[in-house]
Amino acid sequence: MKNLVKLAAGLMVAASFMSSAASAQTVLKSSDTHPDGYPTVEGVKYFGELVKERTKGRYSVEVYHSAQLGEEKDTIEQVRSGVIELNRISMAPFNGTVKETIVPALPYIFRSEDHMHKVMDGAIGDQIKKAFEPAGLVVLAYYDAGARSFYNKTKPISTVADMKGLKFRVIQSDIFVDMVAALGANATPMPYGEVYSAIETGVIDGAENNFPSYDTAKHAEVAKNYSLDEHTILPEVFVMNKVAFDKLTPEDQEIFKQAAKDSVAKQRELWAAKVSESRANVEKLGAQITTPEKQGFIDAMAPVYEKHVKDDVLKKMVEDVKAVQ
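Have a look at this one:
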């Protein structure tokens, strides 16, 4: 009888331990350079809410916005090494690590945001996802970042000739440096958080980005000429450290992937609303928005394609993107 009592007690302790272990919460850290409330930040937050709900609280996501964990270049290394588990980041800084990311970063590769969605939601997007894995990363989702255009403190830009001699901040990407050079301007790669003061002090004349970034980073205060050239429609990428992802059970991996997929629709909805709001905000600040003659900009990009689209894989990807209707 005593042995039965001991056995029952032991089973109760074991059951209690298992219950405690099952209810333990793993908190995953995620980085974003943008401020709280920005559509990409809110997209990852929504992903976290779905993961927490669907894993019954076993996993949650803590989003560190406003570059709290560092600028994009720093956080790429952090997520690849496993210091942080998740990262929402522009695709361009991966150009030197994952060559397939070169294609969506090319100027004027996408005809519209709808075209970009069809490409990234289809086979080409899947091809790029697979290419991230050797770099130690799993792509969970592609988020919207709208169309990027040039803005500066000096003058309106209506033609390529107006670009000559101006100094623009660009993403830390060779494609962006070469794109600006092809337009007769000078490119200065620098972290996003340094742009405002660099424009204000005259280190650079301007930068290039979408309306929400132009608005929320307050760049419209110091660079009031916004030229709607829409040279890139570059998707953002939401990645997870592959070691951390592989540690998940197959069931939890599916939960994470589905939660990420569900967050895309939410993020796109928030993005569309933010673009309209931000354009209105910068116009109230006195930003002058011009629409240049785009064909001249498109024609000037030939050397950029020649330099960066060299091997057969990338050449085929470019043709495949163009073929998507």
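Mind the numbering: the sequence shown is residues -24 to -1, 1 to 301 in mature numbering (1 follows the signal peptide of the UniProt record, and there is no 0), read in order. Cβ coordinates follow ideal geometry from the N, Cα and C atoms, glycine included.
Sheet register partners of residue i (DSSP bridge)
{"i": "K143", "result": "N162"}
{"i": "Q264", "result": "N201"}
{"i": "E184", "result": "F126"}
{"i": "V39", "result": "S6"}
DSSP-derived helix/strand/coil call for residue i
{"i": "R34", "result": "coil"}
{"i": "Y172", "result": "helix"}
{"i": "S189", "result": "helix"}
{"i": "T135", "result": "coil"}
{"i": "V3", "result": "strand"}
{"i": "M96", "result": "helix"}
{"i": "N63", "result": "strand"}
{"i": "G58", "result": "coil"}
{"i": "V20", "result": "helix"}
{"i": "L113", "result": "strand"}
{"i": "N257", "result": "helix"}
{"i": "E206", "result": "strand"}
{"i": "residue 304", "result": "Nothing about residue 304 can be reported from this structure: the residues present for the chain run from -24 to 301 only."}
{"i": "Y118", "result": "strand"}
{"i": "A(-3)", "result": "Confidence at A(-3) is low in this model, with a pLDDT of 41, below 50, so its placement is unreliable and no value can be given for it."}
{"i": "K194", "result": "coil"}
{"i": "Q148", "result": "coil"}
{"i": "Y281", "result": "helix"}
{"i": "G101", "result": "helix"}
{"i": "V179", "result": "coil"}
{"i": "D228", "result": "helix"}
{"i": "P69", "result": "helix"}
{"i": "Q44", "result": "coil"}
{"i": "P15", "result": "helix"}
Cβ-Cβ separation, residue j to residue i (assumed contact under 8 Å), whole Å
{"i": "V3", "j": "E38", "result": "5 Å"}
{"i": "residue 318", "j": "Y202", "result": "The chain is shown from -24 up to 301; residue 318 falls before or after that span and cannot be answered."}
{"i": "K21", "j": "L113", "result": "Not a contact, Cβ separation roughly 21 Å."}
{"i": "G169", "j": "E47", "result": "6 Å"}
{"i": "M67", "j": "T77", "result": "5 Å"}
{"i": "N128", "j": "A199", "result": "5 Å"}
{"i": "A235", "j": "V27", "result": "5 Å"}
{"i": "V74", "j": "A107", "result": "5 Å"}
{"i": "V146", "j": "P165", "result": "6 Å"}
{"i": "Y40", "j": "S88", "result": "With 8 Å as the limit, Y40 and S88 do not qualify as a contact, their Cβ atoms being about 33 Å apart."}
Unbroken alpha helix (DSSP H) run spanning residue i, endpoints
{"i": "V297", "result": "D288 to A299"}
{"i": "Y275", "result": "Here residue 275 turns out to be Asp, not Tyr, going by the sequence shown. Element bounds for D275: K270 to D275."}
Assigned exposure category for residue i - 16 Cβ within 10 Å defines buried
{"i": "S125", "result": "buried"}
{"i": "V141", "result": "The amino acid occupying residue 141 in the given sequence is Gly; Val does not appear at that position. So G141 counts as exposed."}
{"i": "V213", "result": "buried"}
{"i": "G262", "result": "exposed"}
{"i": "S239", "result": "buried"}
{"i": "T135", "result": "exposed"}
{"i": "P11", "result": "exposed"}
{"i": "E18", "result": "buried"}
{"i": "K32", "result": "exposed"}
{"i": "A183", "result": "buried"}
{"i": "A276", "result": "buried"}
{"i": "A99", "result": "exposed"}
{"i": "Q1", "result": "exposed"}
N-terminal and C-terminal residue of the beta strand (DSSP E) that residue i is part of
{"i": "E76", "result": "No beta strand (DSSP E) holds E76; DSSP gives it neither H nor E."}
{"i": "V213", "result": "E212 to N217"}
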